């Protein structure tokens, strides 16, 4: 089956990103396809490469980035939510006149249409949030 | 009186930062002193200069930065919470081997001891959060 | 001097408001802010619990938060007083400590 | 095929769990995850409501979340089944849609 | 777009506005989603009914008042806003406390028709069973 | 430090661990705060009592198990952990479901004494009235 996954909360603060990650791994292990993981609301905070979690804790950004690389996942950060919360890629930084960017490898910034498209294209859309 | 203010949630997602800001303005207008504003949990996300809220909405980071400049406020972002959530100043970026930083003007990164000290030094500690 | 209890959660969504009421002592002040103000509405299923607490505590709601949620002063349970942010500051100074029920 | 309802909130903290139960139709599946698993405990004040729903819906709890909160399988209300993440994935494929009660 | 390619999208709104951003960001999805010409319904359950309150005044809290956007949804072909009666009653609210929200029916000479549909809990449960995609806020 | 300069700090914990970070980050404040030699109490109310559950096993959720830290609090002079009886009962829990948490009393030949103090709701309300600073999580 083809899944769409929605992550609505940032890493660490809520368990949503952890559960979504483990759900995604389990789905891939079962041979399912993941059409897209869409990060909305505070979920956009999963996509900053500036995080430095304690050494004895999991690094959720890295886990997502590595899973994306291994399985060719499409990790999309909502642009409107990202702007409110300070997540930028190089293009956005330039467009907004910011002096740097913080998007993590494997994540891309795009519009809310990508969420609707995931709803249309996926057999099941599964939401994790607060 | 001397106030300590604790902000536990990021801007926009919860109203906590808005309410704390308006409380701080009202306290200053009444002639009270604000010993420190401490940003904990997702509250650290108030301190990134990368935010670009919609033009017709308030810019909470700017509001805090400007209030701090006008009144000499001490805006402290918790270092442990900031590391988990990707808020860095130049020193931290260097120390952690990151290629940039995103701390906003008027905010500084420091330890949790600053929260305890605010509790000790302030006549009233007021918490805003989720 | 007693305690100022702030409650920023809807009593219909979370147990925080009920816990706040259960831990406020006689002579304390309770202030509803943010989504907590929806608990101030007269005629709701929560109103009797709030009304009962009025016999032992002063209860306030933050006016700007009521207005944002489409509530007028006359929609508020009788006995609940309104304050603005300046009044919120005053309440914190009048009590010995602030306890936030999140 | 019916609906898979996921609930990730404690029934003692929020109304989400009660709302989930009230909107799950006969033949639906309810899966407790994250803090929602504390609702699975036998002997709690919430257990009667959950037990009543077992007559019309299959109810599951995510085992890893139970373990994290110090709960063993024998602590769980009779009739509630445990799944792991792979079982969670299977439940989503067996029902026509997933409704998350946040 | 043929009906076969249309999916039924249900947006479930359960949180009050302003205290958290979910109401606003839900509305942003609905507006963008309208361009995809799916079969869209909105549900207002629990504190979500506060999103529809009339007379929202946000100057005092310094936040953007987005309540007028609900009244414009008809222009985006979003015309089915299901409001749960039990949620209103529990909060001491009635239909009269909500904004009037209407759409113009192009099939009936652009007559104004109400977009708010008041349903009880069992009807809301039945509505969920008819959907393809559910987005929760 | 003289008693006059000591303030009474109460940390109120009302959330279950792991579902949100508040329990962990509350503990981090308590540990740092211990160095300031204040008069510290912790309160566990509502779902906060789950923080003290015995046998927490987090390998399956991939998160750090920080429950052992509560058992080390005695070494940091944090020895008053108030647990609300009504909160336990509502959740079908008893004191036996919680971790044993003790401290060594240096005034009594390092005898082990319990740090958990079980109080009812009215006692918890009275405790709040005696505090200088309240931090809520």
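Protein chains in written order, with the working numbering: chain A, 1 to 130; chain B, 1 to 130; chain C, 1 to 102; chain D, 1 to 102; chain E, 1 to 137; chain F, 1 to 137. Ideal placement from N, C-alpha and C gives every residue a C-beta, glycine not left out. Nothing here was measured: the structure is a model prediction, and the numbers come from that model.
Answer with yes or no whether the minimum CB distance from residue i to chain B is below 9 Å.
{"i": "residue 47/F", "result": "no"}
{"i": "residue 19/C", "result": "no"}
{"i": "residue 76/F", "result": "no"}
{"i": "residue 53/E", "result": "no"}
Assuming residue i and residue j are in contact, meaning their beta carbons sit under 8 Å apart, how far apart are those beta carbons, in whole angstroms?
{"i": "residue 19/C", "j": "residue 32/F", "result": "About 27 Å separates the two Cβ atoms, so there is no contact after all."}
{"i": "residue 52/E", "j": "residue 11/E", "result": "Actually they are not in contact, since the Cβ atoms of residue 52/E and residue 11/E sit about 13 Å apart, beyond 8 Å."}
{"i": "residue 7/F", "j": "residue 130/F", "result": "At roughly 11 Å, the Cβ-Cβ gap does not stay under 8 Å, so residue 7/F and residue 130/F are not in contact."}
{"i": "residue 86/B", "j": "residue 93/B", "result": "Actually they are not in contact, since the Cβ atoms of residue 86/B and residue 93/B sit about 11 Å apart, beyond 8 Å."}
{"i": "residue 26/C", "j": "residue 56/C", "result": "4 Å"}
{"i": "residue 5/F", "j": "residue 137/F", "result": "Not really, about 25 Å apart at Cβ, beyond 8 Å."}
{"i": "residue 12/B", "j": "residue 128/E", "result": "Actually they are not in contact, since the Cβ atoms of residue 12/B and residue 128/E sit about 29 Å apart, beyond 8 Å."}
{"i": "residue 77/A", "j": "residue 107/A", "result": "5 Å"}
{"i": "residue 69/D", "j": "residue 17/F", "result": "7 Å"}
Is residue i near residue j, with beta carbons less than 9 Å apart?
{"i": "residue 22/B", "j": "residue 73/C", "result": "no"}
{"i": "residue 3/D", "j": "residue 81/D", "result": "no"}
{"i": "residue 115/B", "j": "residue 135/F", "result": "yes"}
{"i": "residue 54/E", "j": "residue 24/D", "result": "no"}
{"i": "residue 124/A", "j": "residue 1/A", "result": "yes"}
{"i": "residue 6/B", "j": "residue 118/B", "result": "yes"}
{"i": "residue 126/A", "j": "residue 31/A", "result": "no"}
{"i": "residue 12/D", "j": "residue 47/F", "result": "yes"}
{"i": "residue 20/A", "j": "residue 89/D", "result": "no"}
{"i": "residue 48/B", "j": "residue 102/B", "result": "yes"}
{"i": "residue 33/D", "j": "residue 8/D", "result": "yes"}
{"i": "residue 62/E", "j": "residue 18/B", "result": "yes"}
Does the CB of residue i have a neighbour CB from chain C at under 9 Å?
{"i": "residue 1/F", "result": "Because residue 1/F carries a pLDDT of 45, less than 50, the predicted location of this residue cannot be relied on, and the following value inherits that uncertainty. No, because no Cβ of chain C sits closer than 9 Å to the Cβ of residue 1/F."}
{"i": "residue 3/B", "result": "yes"}
{"i": "residue 50/E", "result": "yes"}
Taking 9 Å as the CB-CB limit, is residue i close to chain D?
{"i": "residue 34/C", "result": "no"}
{"i": "residue 14/F", "result": "yes"}
{"i": "residue 17/F", "result": "yes"}
Report the option in the options whose CA atom is closest to the CA atom of residue i.
{"i": "residue 40/D", "options": "97/D, 56/D, 89/D, 67/D", "result": "67/D"}
{"i": "residue 105/E", "options": "60/E, 55/E, 78/E", "result": "78/E"}
{"i": "residue 29/C", "options": "35/C, 85/C, 58/C", "result": "58/C"}
{"i": "residue 119/F", "options": "113/F, 94/F, 82/F, 88/F", "result": "82/F"}
{"i": "residue 97/A", "options": "49/A, 88/A, 48/A", "result": "88/A"}
{"i": "residue 55/A", "options": "84/B, 55/B, 14/B", "result": "84/B"}
{"i": "residue 61/A", "options": "74/A, 112/A, 46/A", "result": "46/A"}
{"i": "residue 57/A", "options": "64/F, 107/F, 132/F", "result": "64/F"}
{"i": "residue 33/A", "options": "107/A, 113/A, 68/A", "result": "68/A"}
{"i": "residue 94/E", "options": "98/C, 87/C, 6/C, 71/C", "result": "71/C"}
{"i": "residue 28/F", "options": "108/B, 121/B, 129/B, 79/B", "result": "79/B"}
{"i": "residue 37/F", "options": "66/F, 26/F, 18/F, 75/F", "result": "75/F"}
Between residue i and chain A, is the shortest Cβ-Cβ distance under 9 Å, so that the two count as touching?
{"i": "residue 66/B", "result": "no"}
{"i": "residue 69/F", "result": "no"}
{"i": "residue 82/D", "result": "no"}
{"i": "residue 24/D", "result": "no"}
{"i": "residue 134/E", "result": "yes"}
{"i": "residue 7/E", "result": "yes"}
Mind checking if residue i is an interface residue toward chain E, Cβ cutoff 9 Å exclusive?
{"i": "residue 91/D", "result": "no"}
{"i": "residue 95/C", "result": "no"}
{"i": "residue 14/B", "result": "yes"}
{"i": "residue 61/C", "result": "no"}
Please check if any C-beta of chain F sits within less than 9 Å of the C-beta of residue i.
{"i": "residue 18/A", "result": "yes"}
{"i": "residue 117/B", "result": "yes"}
{"i": "residue 64/D", "result": "yes"}
{"i": "residue 103/D", "result": "Outside the displayed range of chain D (1 to 102) lies residue 103/D, so it cannot be described from this structure."}
{"i": "residue 100/D", "result": "no"}
Q. If contact means a Cβ-Cβ distance below 8 Å, which residues of the stretch 27 to 60 of chain B contact chain F?
A. Along the stretch 27 to 60 of chain B, going in chain order, the ones with a CB nearer than 8 Å to a CB of chain F are 40, 41.
Q: Compile a chain-ordered list of the residues in the stretch 32 to 44 of chain E whose CB is closer than 8 Å to at least one CB of chain D.
A: none
Q.
Taking beta-carbon pairs under 9 Å, can you tell me which members of the stretch 29 to 58 of chain C lie near chain F?
A. Within the stretch 29 to 58 of chain C, no residue has a Cβ lying closer than 9 Å to any Cβ of chain F.
Q. Taking Cβ-Cβ distances below 7 Å as the criterion, which residues of the stretch 4 to 15 of chain C are in contact with chain D?
A. Result list: 12, 13, 14, 15.
Q. Using a beta-carbon distance cut-off of less than 8 Å, what residues from the stretch 102 to 133 of chain F approach chain C?
A. 121, 124, 125, 126, 128, 129, 131, 132, 133
Q. Mind listing which residues of the stretch 84 to 115 of chain A have their C-beta closer than 7 Å to chain F's C-betas, in chain order?
A. none
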